[in-house]
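Here's the structure we're looking at; comments come further down.
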Amino acid sequence: MTIKTKKCQPGHFYAVGVGPGSPDLITLRAAGLIESADTVIVPRSELAGESLALVTIRDLIADQEVMEHVYPMKRDSAKTRACWAEVAAEVAARTSAGLSVVQVTIGDPMIYSTSSYLIESLVELLPAECIHVTPGISAFQATASILGEPLTLQEDRLCIMPATDMDEVSRALDRCETLVLYKVGPRLRQLGALLETRNLLDQARLASYVEQDGREAIFHDFRKALADETHGYMSTVIVRLGRRSWEQTSGARKAV
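Take the sequence shown: its letters are residues 1 to 256, numbered as in UniProt numbering.
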């Protein structure tokens, strides 16, 4: 069977998710767009020695122009948007010249991604029909698959949020059946203390650098995760809080 994949159109921009970091989790559409692009933008955080997105797509790069963009890892909305506005201007210059531009991002472009900032600036510079988004597999999806535990069933509520505010995390624990937490690394101790207070350590799982060769670490036992000091920024926690079945008309939650 031959599957026809999409190719880039001249003068168009594509935000392309390339999955959690393993090249074989890049979708066929993403691969076709990357291979047919004139320019490929790869983001790299100022704290990283190399771009994980570039490492992931390296086998798809031939004669495309590769632009590595270093972005700030600071909680400053104005500076972050100004940074990506500069990239948007470079994208617009190329698309106005008839070139196609792909920006790749780890995970999915619409979930805590640099692509969203870039698109926010591009909507003022390009026609809407020239801006495209291609989904990718997110870290939380890959983590759930490795754990072999469903994220949702029947009437379950799924919440995805950063672990940057423990008060907000505490409130979320009361409002869903499955809680997914990103950006866990620096706040692992605080999170562990909260989960222990709520008697939820047994329901929590942690994965770091999921689907990244040589770096992946999976913890079915959250207590062991707390004893490990190597978790980085790219860590995901899934807390399974209970189930809401079709028969539960009151909306009450049953324990896992």
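The beta carbon of each residue, even a glycine, is placed where N, CA and C say it ideally should be.
Look at the alpha carbon of residue i and the alpha carbon of residue j, and state the distance between them as a whole number of angstroms.
i, j, result
"residue 14", "residue 108", "13 angstroms"
"residue 225", "residue 129", "46 angstroms"
"residue 176", "residue 239", "10 angstroms"
"residue 3", "residue 132", "20 angstroms"
"residue 227", "residue 101", "44 angstroms"
"residue 216", "residue 96", "41 angstroms"
"residue 256", "residue 149", "12 angstroms"
"residue 189", "residue 114", "27 angstroms"
"residue 139", "residue 20", "5 angstroms"
"residue 38", "residue 94", "9 angstroms"
"residue 16", "residue 136", "7 angstroms"
"residue 219", "residue 72", "30 angstroms"
"residue 233", "residue 112", "13 angstroms"
"residue 68", "residue 182", "24 angstroms"
"residue 81", "residue 106", "19 angstroms"
"residue 187", "residue 221", "17 angstroms"
"residue 259", "residue 66", "As shown, the chain starts at 1 and ends at 256. That puts residue 259 outside it, with no answer to give."
Please return the same chain residues whose Cβ sits closer than 8 angstroms to the Cβ of residue i, not counting the five positions on each side in sequence.
i, result
"residue 50", "44"
"residue 253", "177, 241, 242, 243 and 244"
"residue 230", "208 and 217"
"residue 123", "131"
Sorted by chain position, which residues of the same chain lie with C-beta nearer than 6 angstroms to residue i's C-beta, five sequence neighbours on each side aside?
i, result
"residue 281", "The chain is shown from 1 up to 256; residue 281 falls before or after that span and cannot be answered."
"residue 121", "84, 85 and 88"
"residue 54", "42"
"residue 166", "190 and 194"
"residue 142", "20, 210 and 211"
Determine whether the beta carbon atoms of residue i and residue j lie at a separation below 9 angstroms.
i, j, result
"residue 40", "residue 64", "yes"
"residue 104", "residue 18", "yes"
"residue 118", "residue 88", "yes"
"residue 23", "residue 76", "no"
"residue 169", "residue 194", "yes"
"residue 134", "residue 30", "yes"
"residue 28", "residue 7", "no"
"residue 147", "residue 158", "no"
"residue 161", "residue 172", "yes"
"residue 155", "residue 248", "yes"
"residue 86", "residue 62", "no"
"residue 223", "residue 201", "yes"
"residue 99", "residue 11", "yes"
"residue 56", "residue 26", "yes"
Tell me, which residues are paired with residue i by DSSP?
i, result
"residue 227", "Per DSSP, none; premise fails for residue 227."
"residue 104", "16"
"residue 254", "243"
"residue 133", "15"
"residue 205", "238"
"residue 222", "Paired residues: none, contrary to the question."
"residue 160", "180"
"residue 217", "208"
Within the same chain, show all residues whose beta-carbon is closer than 7 angstroms to that of residue i, passing over the 5 residues directly before and after it, in chain order.
i, result
"residue 110", "116 and 133"
"residue 126", "13, 92 and 95"
"residue 153", "243"
"residue 198", "173"
Can you tell me where the alpha helix (DSSP H) with residue i in it begins and where it stops?
i, result
"residue 91", "77-96"
"residue 41", "Run containing residue 41: none in the alpha helix (DSSP H); it sits in the beta strand (DSSP E), 39-45."
"residue 119", "114-122"
"residue 168", "166-172"
"residue 55", "52-57"
"residue 126", "Element bounds for residue 126: n/a, residue is neither H nor E."
"residue 139", "139-147"
"residue 34", "28-36"
Considering residue i, what are the terminal residues of the beta strand (DSSP E) in which it resides?
i, result
"residue 68", "65-71"
"residue 200", "That residue, residue 200, is in no beta strand (DSSP E); it is neither H nor E in DSSP."
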